[in-house]
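What follows is a short report on a single structure.
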Amino acid sequence: MSRMRDTLIEPKGSGRGGFIPFITAGDPDLATTELLLVELAAAGADIIELGVPFSDPVADGEVIQRASERALRKGVTLGDTLKCISNVKKHIDLPIVLFSYLNPLLKFGRERLADEAERVGIDAVLITDLTVEEAGPWVRAFHDRAIDMIFLVAPTTSDERLTHITQQASGFIYAVSRAGVTGAQNEMPADAESLVRRVRAVSDLPVAVGFGISTPEQVRQVWRFADGAVIGSALVSQIEKLSSSPHLVARVGEFARSLVARNGTL
Amino acid sequence: MQKPPITKSEPDETGHWSQFGGRYVPETLVAPLDELTNEFLRAREDPNFWGELNQLLRDYCGRPTPLFHARRLTADAGGAQIHLKREDLLHTGAHKINNAVGQALLARRMGKRRVIAETGAGQHGVATATVCALFGLRCIIYMGAEDVRRQALNVFRMRLLGAEVITVNSGTRILKDAINEALRDWVTNVYDTYYLLGSALGPHPYPLMVREFQSVIGREAREEILSATGKLPRALIACVGGGSNAIGLFHPFIADEGVRLIGVEAAGRGDSLGQHAARFHTETGSGGGQVGVLQGTMSYVLQDANGQIATSHSISAGLDYSAVGPEHAFLHDSERAEYARASDAEALEGFQLCAKLEGIIPALETSHAILPAIRVARELSQHDSIIVNLSGRGDKDVQLIADLQSK
Chain A
668 MSRMRDTLIE PKGSGRGGFI PFITAGDPDL ATTELLLVEL AAAGADIIEL
718 GVPFSDPVAD GEVIQRASER ALRKGVTLGD TLKCISNVKK HIDLPIVLFS
768 YLNPLLKFGR ERLADEAERV GIDAVLITDL TVEEAGPWVR AFHDRAIDMI
818 FLVAPTTSDE RLTHITQQAS GFIYAVSRAG VTGAQNEMPA DAESLVRRVR
868 AVSDLPVAVG FGISTPEQVR QVWRFADGAV IGSALVSQIE KLSSSPHLVA
918 RVGEFARSLV ARNGTL
Chain B
1339 MQKPPITKSE PDETGHWSQF GGRYVPETLV APLDELTNEF LRAREDPNFW
1389 GELNQLLRDY CGRPTPLFHA RRLTADAGGA QIHLKREDLL HTGAHKINNA
1439 VGQALLARRM GKRRVIAETG AGQHGVATAT VCALFGLRCI IYMGAEDVRR
1489 QALNVFRMRL LGAEVITVNS GTRILKDAIN EALRDWVTNV YDTYYLLGSA
1539 LGPHPYPLMV REFQSVIGRE AREEILSATG KLPRALIACV GGGSNAIGLF
1589 HPFIADEGVR LIGVEAAGRG DSLGQHAARF HTETGSGGGQ VGVLQGTMSY
1639 VLQDANGQIA TSHSISAGLD YSAVGPEHAF LHDSERAEYA RASDAEALEG
1689 FQLCAKLEGI IPALETSHAI LPAIRVAREL SQHDSIIVNL SGRGDKDVQL
1739 IADLQSK
C-alpha cells in the first residue's frame, strides 16, 4: 500500500485535511530549498511537492514561471534536485513528490531517473505535460520501484477519461480546481467540488485539490470536500518577496502555519 | 544500413509518426484537443466544408498560385530548370493564409467566437487577423517582443485588421515564447476560445491538420509541373521553421520516390547551441537538436544537457524556433527527406539574387531556400526540373534589410 495514500486518508482531526505545499528546487538557491523543505515539514506539511525548474513551463502562471527562471539562472538541474531530496530525507521523514515537465526527465533518461528516484527516496512523480496516453512506460518504470505516479485531472476531463486516468494513477489524484494556469485567485470555483465528486465515483484514491489556493479560508473550504490542498504559487510568492531577507525560511514557515492554523486567522 | 523507402506518411490515431508527434499537454487541454480532432475529422469527410474552403481559397486568397519558371535563376545556377511555387502571391503575402482559412472555418463550425494565435514573423498573425475580420471573430495574437521589434510592419497590419497584439516578454521573447503564452491563454479560456496554431507542430491534431490545409501547395505544384514539363521534378526545396510550407509542398510527393524532398533550416550565425535553428544538424558538437518534447509534441528539439530548451537564432523570425514539426522528424529519420542549412548571410544572398534576377522580393524565411536550390540545380541536367516553394513575399523584411545595409 502506498505511503502517500495512507498519509492522505488517515484522519487528522478538527476538520483538518492534508496540507501539500509546492516549492521550486533552487529558488532562491539549493541550500535554502533544503532548509525550506525541513521548515515546511515542521509547519505541518503532510506531503511536499518539489518542482524541477524548466525553461518553458506552459502550465504555470507568472509566479512559478519566475521561480523557474530564478533557479535556472543559478544553473539548477534535475540532478541537483535529486541531491537536494537525498540530503533532506536524512532530516525529515515525509513523502516527497517530484514535480516536473517531461523534457528534463526525458533527457535524464527514464530508467536512470527511476533508479535515482528510488535511491534518494522519492515517493511519487508527477509529470505536468505527460498525458495518460503517453505515460505507459513511465508508469511501469516507477511502479516497478514502488514509486507512485500522480496524475492531474481537470474540470474538462470527461468521466470516461477519469476512469482511465485513475486506473493508471497511484498515491493520490491531483484535481485541478479550474481551467487555467497555476496562480492565486480570489474564489474557489464550484468546478473543484464537482470534479472531486466525479473522481470519487470512479476511484478509491484520495484526492488533493490544487491551482489557485492561497488563503486559510480556501484551504478549509477544500478540506470540506477533498483529502488535501496543494498550495504552490502563494508560497512561492512569499519566497520571491523574501528572497533577500535573512528571515526567509522562518517567515515562509509562519505563512505555511497560518494556512493550516485551526482558528484560520493570519 | 539501407532503410526501406517511405511511400506514405500518415500518423496513427493518436497523432504519432513512429515515436514523433503525440500529445504532451496539461490535462485541461486534452478535452478541447479531442473536440478539435473530432470536428476536423468530420469536416475532412464533409464535401460542403471543402466546397466552402476551396471557394474561399480561390476567390478570397487567389488560388491556385502559379508555378513560375525562373529562367534567370536557372541560367545563373547552370543546371536544372528552377520553378518557383508562388505562394507569395496569395492574399496577405504568404502560404499561412491556406491554414488560417481552413481553421477559421473549423472555429465557426465549433461555435467559437474568440480566436487566439501565436506569430513569429507576423505572417501567421496577419493571416489569422485577416480571416477573423472576414468571419467577424474576436482575434488575439501573441508575439514575442523581439519579433515585434523586427517585424513592426506586420504588427501594424494586424492592428489595422482589428486584432489585439499582445507583446510577450517572457523567456527569450520570440516564437517559442509566443506559443507558450497562447497555450496559457487557451488553458484559461478553454470553453470559448479557438487556438489557431500556425505551423505543423504542437499537440495532435495540429501537425496533421495544418499539413492537410497546406497540402494544397503540393497538389497544385504536382499538376502544374506535370503540365509544364510532362514529368515529375527531381527535387522540392522549402525552408523549414515549424515546417508548414515545406510539409504542404512535400506531402503530395511522398510516394514519388524519384523526387528528393529537401528542407532548409536556419544555420543562423554559428554552429554552437543558441546561434542557429538547425534542429537536424545533429553531428556531435554541432549544437543541433535531440529528440525531446516541446509544446505538446515529440520531435527534434534544441536543448542543453539538462533538457532545458535552448534558444535559437535566425535572421528570420519565422525560422527562429527551437523545435520542428513531428512529421519532419519522421521524414528525417526515415530518410525520405533531407535537411540542408543556410546561414543568415546565405539567406541575405538568396534574397538579393531572387530580387535582382527575377524581380521577386522573397521573405527572409523563404530566402534560405534559394542558395541550396541553386546548389541542387547545379548537380542536375538542364532537362531536369526542381521546385522551390516561394512561401512568402519580403515586404515585411525590407526595413530590416535597409537597417543592415546602413550599418
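Chains A and B, in that order, are what the protein sequence lines are. Counted the way our numbering counts, the first sequence spans residues 668 to 933. Counted the way our numbering counts, the second sequence spans residues 1339 to 1745. From the three backbone atoms N, C-alpha and C, an ideal C-beta is built for every residue, glycine too.
Check whether chain C comes within 8 Å of residue i, counting only Cβ atoms and requiring the distance to be less than that.
| i | result |
| --- | --- |
| VAL848(A) | Judged by its chain identifiers, the structure shown contains no chain C, and its protein chains are A and B. |
8 Å is my cut-off, CB to CB: does residue i come that close to chain A?
| i | result |
| --- | --- |
| GLU1514(B) | With the sequence shown as reference, residue 1514(B) is identified as Lys, and Glu is not the correct amino acid for it. Yes, its Cβ sits closer than 8 Å to a Cβ of chain A. |
| VAL1506(B) | no |
| GLN1633(B) | yes |
| THR1526(B) | yes |
| PRO1370(B) | yes |
| GLN1641(B) | yes |
| ARG1511(B) | no |
| PRO1404(B) | no |
| ARG1401(B) | no |
| HIS1721(B) | no |
| THR1352(B) | yes |
| ARG1522(B) | yes |
Would you say residue i reaches chain B, if we count a Cβ-Cβ gap shorter than 8 Å as a contact?
| i | result |
| --- | --- |
| SER722(A) | yes |
| LEU697(A) | no |
| ASN853(A) | no |
| GLU834(A) | The residue asked about is misnamed: residue 834(A) is Gln in this sequence, not Glu. Not an interface residue. |
| GLY931(A) | Legend: pLDDT at GLY931(A) = 46, less than 50; position of this residue unreliable, no value from coordinates given. |
| SER861(A) | no |
| THR798(A) | yes |
| GLU716(A) | no |
| ALA791(A) | no |
| SER904(A) | no |
| LYS756(A) | no |
| THR748(A) | no |
What residue range does the alpha helix (DSSP H) around residue i cover?
| i | result |
| --- | --- |
| ASN1392(B) | 1385-1394 |
| MET1547(B) | 1544-1552 |
| ILE1435(B) | 1434-1447 |
| PRO1664(B) | 1664-1671 |
| LEU702(A) | 697-709 |
| GLY685(A) | Here GLY685(A) belongs to no alpha helix (DSSP H); instead the beta strand (DSSP E) covers 685-691. |
| LEU745(A) | 745-755 |
Looking at the secondary structure, which residues open and close the beta strand (DSSP E) in which residue i lies?
| i | result |
| --- | --- |
| VAL764(A) | 763-767 |
| GLU1717(B) | From DSSP, GLU1717(B) is part of no beta strand (DSSP E); its letter is neither H nor E. |
| GLY1359(B) | 1358-1362 |
| CYS1577(B) | 1573-1577 |
| THR1457(B) | 1452-1457 |
| ILE1585(B) | Element bounds for ILE1585(B): not the beta strand (DSSP E) but the alpha helix (DSSP H), 1582-1588. |
| LEU909(A) | Taken as a continuous stretch (DSSP letters only), LEU909(A) belongs to no beta strand (DSSP E), as it is neither H nor E. |
On a CA-only basis, which of the options is nearest residue i? Give me that one, please.
| i | options | result |
| --- | --- | --- |
| THR849(A) | ALA698(A), SER904(A) and ALA808(A) | SER904(A) |
| GLY1601(B) | ARG1380(B), THR1531(B) and ALA1667(B) | ALA1667(B) |
| LEU1394(B) | ARG1361(B), ILE1435(B), ASP1384(B) and SER1356(B) | ILE1435(B) |
| LEU793(A) | VAL787(A), VAL820(A) and ASP811(A) | VAL820(A) |
| SER837(A) | PHE809(A), PRO883(A), VAL863(A) and GLY847(A) | PHE809(A) |
| ALA1648(B) | ASP1523(B), CYS1692(B) and ALA1616(B) | ALA1616(B) |
| ASP894(A) | LEU765(A), ARG864(A), ALA923(A) and PHE766(A) | ARG864(A) |
| ASN1527(B) | MET855(A), GLN888(A), ARG845(A) and PRO856(A) | ARG845(A) |
| GLU1373(B) | ASN1386(B), VAL1439(B) and LEU1444(B) | LEU1444(B) |
| LEU1422(B) | SER1719(B), ILE1699(B) and LEU1738(B) | ILE1699(B) |
| LYS741(A) | ASP871(A), GLY776(A), VAL919(A) and ASP696(A) | ASP696(A) |
With DSSP run on the structure shown, which of helix, strand or coil describes residue i?
| i | result |
| --- | --- |
| PHE922(A) | helix |
| LYS1423(B) | strand |
| SER1744(B) | helix |
| THR1531(B) | strand |
| THR932(A) | Low per-residue confidence applies at THR932(A): pLDDT is 44, beneath 50, and the placement is therefore not dependable, though the value from the model is reported in the following sentence. Three-state result, THR932(A): coil. |
| PHE721(A) | coil |
| ILE676(A) | helix |
| ALA896(A) | strand |
| ARG1731(B) | strand |
| TYR1677(B) | strand |
| GLU716(A) | strand |
| ALA1593(B) | coil |
| LEU1570(B) | coil |
Counting only runs of 3+ residues fully inside the segment 1595-1653 of chain B, write out the beta strand (DSSP E) ranges in chain order.
1598-1606, 1628-1632 and 1634-1639
Run through the segment 780-851 of chain A for me and flag every whole alpha helix (DSSP H) of 4 or more residues, listed as ranges in chain order.
803-810 and 826-835
Go through the segment 1463-1523 of chain B residue by residue and report every complete run of the alpha helix (DSSP H) that reaches 4 residues or more, in order.
1483-1488 and 1490-1498
Can you list the beta strand (DSSP E) stretches of 3 or more residues lying completely in the segment 853-893 of chain A, in chain order?
874-877
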